[in-house]
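Numbering (the working numbering), first residue to last: 6 to 129.
In this text, a Cβ means the ideal position worked out from N, Cα and C, and glycines have one as well.
Here is the structure we will look at.
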Amino acid sequence: MTKLGHNTIARLEREEAKSVKPWVLGRVLPFYLARFKEAFPDAAGDAYDYLIPPKTFGDWLRNFRMRRQLRPGELAKSLGVNKFTITRYESNQSIPNRDIRRRFQERYGLNGESDRFFQAEASP
Numbered sequence: 006m007t008k009l010g011h012n013t014i015a016r017l018e019r020e021e022a023k024s025v026k027p028w029v030l031g032r033v034l035p036f037y038l039a040r041f042k043e044a045f046p047d048a049a050g051d052a053y054d055y056l057i058p059p060k061t062f063g064d065w066l067r068n069f070r071m072r073r074q075l076r077p078g079e080l081a082k083s084l085g086v087n088k089f090t091i092t093r094y095e096s097n098q099s100i101p102n103r104d105i106r107r108r109f110q111e112r113y114g115l116n117g118e119s120d121r122f123f124q125a126e127a128s129p
């Protein structure tokens, strides 16, 4: 089950959806991974990285939410922040402090996957 309503899927099929949120893609994409290469022959590697390339922390976070099928509010609640804070992270308007990053790593079992975006901060 995709946990998406019939109307949402129908709008996606008719291409009437104005924009597709990452959590929606995350729920739909697993069903189409087998045919993804057929539809996007230029895509090398991971389908998620092709749709939202993780070039900035905000892109990486959107990509992460898509993979985990999380809405901004769900991620915010698990980290103890406001959902608008997640929106600011994803739009690269701000970055999480060390405490938030530590909570993020602990709750989702990350092994420094996002550390590359904070290298300048770690340098003396």
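- Phenylalanine 69 counts as buried, since no fewer than 16 other beta carbons sit within 10 angstroms of its beta carbon.
- With a 10 Å radius around the Cβ and a threshold of 16 neighbouring Cβ atoms, phenylalanine 109 comes out buried.
- Proximity to phenylalanine 123 across Leu115, Tyr113, Arg103 and Asn116 peaks at Arg103, based on C-alpha coordinates.
- Not a single unbroken stretch of the beta strand (DSSP E) spanning 3 or more residues falls wholly within the region 51-110.
- The DSSP-derived three-state label of aspartate 120 is helix.
- Here the region 82-89 makes no contact with the region 54-65; the two share fewer than three CB pairs at distances below 8 Å.
- DSSP places glycine 31 inside the alpha helix (DSSP H), whose first and last residues are 27-44.
- Between alanine 52 and the set Leu75, Arg76, Pro27 and Thr61, the nearest pair of CA atoms involves Pro27.
- Around proline 59, the same chain offers Trp65 and Asn68 as residues with beta carbons nearer than 6 Å, after the five sequence neighbours per side are excluded.
- Of the residues assessed, glycine 78 falls on the exposed side of the cut-off, its CB having fewer than 16 other CB atoms within 10 angstroms.
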